[in-house]
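There are 2 protein chains.
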Amino acid sequence: MTRPRITRGDLDRNLGLRLRRAHGAVQRHFLDHFSELGLTQKQVSVLWLTGDHPDLAQTDLAAALDMDRATTMALVHGLEKRGLLVRRPSATDRRRIAFRLTDAGTAVLADAKAAIVEHEAWLKDRFTAGELKTLEELLARIYR
Amino acid sequence: MTRPRITRGDLDRNLGLRLRRAHGAVQRHFLDHFSELGLTQKQVSVLWLTGDHPDLAQTDLAAALDMDRATTMALVHGLEKRGLLVRRPSATDRRRIAFRLTDAGTAVLADAKAAIVEHEAWLKDRFTAGELKTLEELLARIYR
DNA sequence: TATTGTTATACTCTATAACTATA
DNA sequence: TATAGTTATAGAGTATAACAATA
Numbered sequence: 003m004t005r006p007r008i009t010r011g012d013l014d015r016n017l018g019l020r021l022r023r024a025h026g027a028v029q030r031h032f033l034d035h036f037s038e039l040g041l042t043q044k045q046v047s048v049l050w051l052t053g054d055h056p057d058l059a060q061t062d063l064a065a066a067l068d069m070d071r072a073t074t075m076a077l078v079h080g081l082e083k084r085g086l087l088v089r090r091p092s093a094t095d096r097r098r099i100a101f102r103l104t105d106a107g108t109a110v111l112a113d114a115k116a117a118i119v120e121h122e123a124w125l126k127d128r129f130t131a132g133e134l135k136t137l138e139e140l141l142a143r144i145y146r
Numbered sequence: 003m004t005r006p007r008i009t010r011g012d013l014d015r016n017l018g019l020r021l022r023r024a025h026g027a028v029q030r031h032f033l034d035h036f037s038e039l040g041l042t043q044k045q046v047s048v049l050w051l052t053g054d055h056p057d058l059a060q061t062d063l064a065a066a067l068d069m070d071r072a073t074t075m076a077l078v079h080g081l082e083k084r085g086l087l088v089r090r091p092s093a094t095d096r097r098r099i100a101f102r103l104t105d106a107g108t109a110v111l112a113d114a115k116a117a118i119v120e121h122e123a124w125l126k127d128r129f130t131a132g133e134l135k136t137l138e139e140l141l142a143r144i145y146r
């Protein structure tokens, strides 16, 4: 069979592509191993931040996770529908809708954190502590 | 105004989140600066690999870019509809559909490569040569 | 005027499942 | 049996535009 040997050539010097492939691999691992959680990584991030910051508003969340406001809406409304968080207008600024975890949300977050710990261990096990620190710093330079 | 100060706390040690944010920032930069190209980064990757490997089959492409076959279909069909590549059954294995760039595709690829070079320069300028090499190697360990 | 939330809409990427044709 | 392509379908993520309420 004449099966061409695929090399990525110049494309392999494409850092954007490497970033996308790495991100995709991590995403795939999470979906494959933690689908029974019923939450995406992004949803977990929202619950996590809400747990750390009760009365968070959607705008704060959007800024903290680099999201559009409309994108944030969909995420937060989904979690609200599932009873994991409640929203109510802020007392000091009635434009803002503050939200916090319900008891159910707190319980789900605990499970989710355990899943994330396991997921992160899979991801980080391939690096030494020094490499990990380096990688974290280099990645932060891209979005910060 | 009582505006909570948002810290990411433990979440900041989440490597998956850093990866997602970095990937998102790169994606955003590409969309913001090269929308007039009319191609996504992924589409450029397909054209690029096809240019380097005439008579590529969809399965080869899927493997080279970590894509599902169905995902690959949508990508390739879109590029075919726009006249950037042509597909025809392989002579040696009639299950395989080999494809290659049209003249239009070759021309578009040249523009796309110029855009990618500019985009990558924006991305890489924040790193020294040594840091870049390190980052490339560390990222490859995730998907390889 | 600017900010916050909201809704409608759309596109990309990804994936699963079931099917056909070929090896 | 296995592989390659195809189609239908669905979900997540992202974003824009336009609007109402509030600051």
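Chains as they are written, first to last, in our numbering: chain A, 3 to 146; chain B, 3 to 146. Beta carbons: idealized from backbone N, C-alpha and C, even for Gly.
Of the residues the options, the one placed nearest residue i, counting alpha carbons only
i, options, result
"A:Asp12", "B:Ala76, B:Val48, B:His79 and B:Arg30", "B:Val48"
"A:Ala113", "A:Leu86, A:Leu137 and A:Phe129", "The sequence given here places Asp at residue 113 of chain A; Ala does not occur at that position. Nearest of A:Leu86, A:Leu137 and A:Phe129 to A:Asp113, Cα basis: A:Leu86."
"B:Asp34", "B:Ala117, B:Thr108, B:Thr52 and B:Ile99", "B:Ala117"
"B:Leu17", "A:Leu140, A:Glu122 and A:Ile144", "A:Glu122"
"B:Thr104", "B:Arg98, B:Arg97 and B:Val88", "B:Val88"
"A:Ala106", "A:Glu82, A:Leu67 and A:Ala72", "A:Glu82"
"B:Arg102", "B:Pro56, B:Gly26, B:Thr73 and B:Ser37", "B:Pro56"
"A:Met69", "B:Ser37, B:Val119 and B:Gly26", "B:Gly26"
"A:Thr108", "A:Glu120, A:Leu77 and A:Arg84", "A:Arg84"
Rounded C-alpha distance that separates residue i from residue j
i, j, result
"B:Met75", "A:Ala65", "36 Å"
"B:Leu58", "B:Leu125", "29 Å"
"A:Arg146", "B:Gln43", "22 Å"
"A:Gly40", "B:Phe32", "32 Å"
"B:Val110", "B:Gly53", "11 Å"
"B:Leu141", "B:Phe129", "15 Å"
"B:Arg97", "B:Thr61", "11 Å"
"B:Leu51", "A:Arg15", "13 Å"
"A:Leu63", "A:Phe36", "24 Å"
"A:Arg10", "A:Ile99", "48 Å"
"A:Leu137", "B:Leu137", "7 Å"
"B:Val28", "A:Ile144", "8 Å"
"A:Leu120", "B:Glu38", "In the sequence on display, residue 120 of chain A carries Glu and not Leu. Whole-angstrom Cα-Cα distance: 42 Å."
"B:Thr73", "B:Arg30", "21 Å"
"A:Glu139", "B:Arg71", "35 Å"
"B:Val78", "B:Lys115", "18 Å"
"B:Gly80", "A:Asp127", "39 Å"
"B:Leu67", "A:Leu67", "27 Å"
is_contact[residue i, chain A] using C-beta, thresh 9 Å
i, result
"B:Gln45", "no"
"B:Val28", "yes"
"B:Gly40", "no"
"B:Ser36", "Here residue 36 of chain B turns out to be Phe, not Ser, going by the sequence shown. False, the Cβ-Cβ gap to chain A never drops below 9 Å."
"B:Glu120", "no"
"B:Arg128", "yes"
"B:Met3", "At B:Met3 the pLDDT is 44, less than 50, meaning the model places this residue with poor confidence; the figure from the coordinates comes in the next sentence. Cβ-Cβ to chain A under 9 Å: yes for B:Met3."
"B:Arg23", "yes"
"B:Ala131", "no"
"B:Asp171", "Lying before the first or after the last residue shown, residue 171 of chain B is absent from chain B, which here runs from 3 to 146."
CB contact check: residue i to chain B, cutoff 9 Å
i, result
"A:Leu33", "no"
"A:Arg71", "no"
"A:Phe101", "no"
"A:Ala116", "no"
"A:Arg90", "no"
"A:Gly80", "no"
"A:Arg20", "yes"
"A:Asp54", "yes"
"A:Leu77", "no"
"A:Asp113", "no"
"A:Arg96", "no"
"A:Arg84", "no"
"A:Gly11", "yes"
"A:Thr74", "no"
"A:Thr108", "no"
"A:Leu87", "no"
"A:Thr104", "no"
Residues that DSSP places opposite residue i in a beta bridge
i, result
"B:Leu148", "No information on residue 148 of chain B is available, as it lies outside the stretch 3 to 146 that chain B covers here."
"B:Ala65", "Note: B:Ala65 sits in no beta bridge, so no partner."
"A:Leu13", "Per DSSP, none; premise fails for A:Leu13."
"A:Phe101", "A:Leu58 and A:Arg89"
Residue i: CB within 8 Å of a non-hydrogen atom of the ligand HEM
i, result
"B:Leu17", "Here there are no bound small molecules, and the ligand HEM is not part of this structure."
- Message: Within 8 Å, do at least three Cβ pairs link the stretch 18-33 of chain B to the stretch 37-48 of chain A?
- Response: yes
- Task: Examine the Cβ distances between the stretch 75-93 of chain A and the stretch 128-135 of chain A and report whether three or more of them are shorter than 8 Å.
- Result: no
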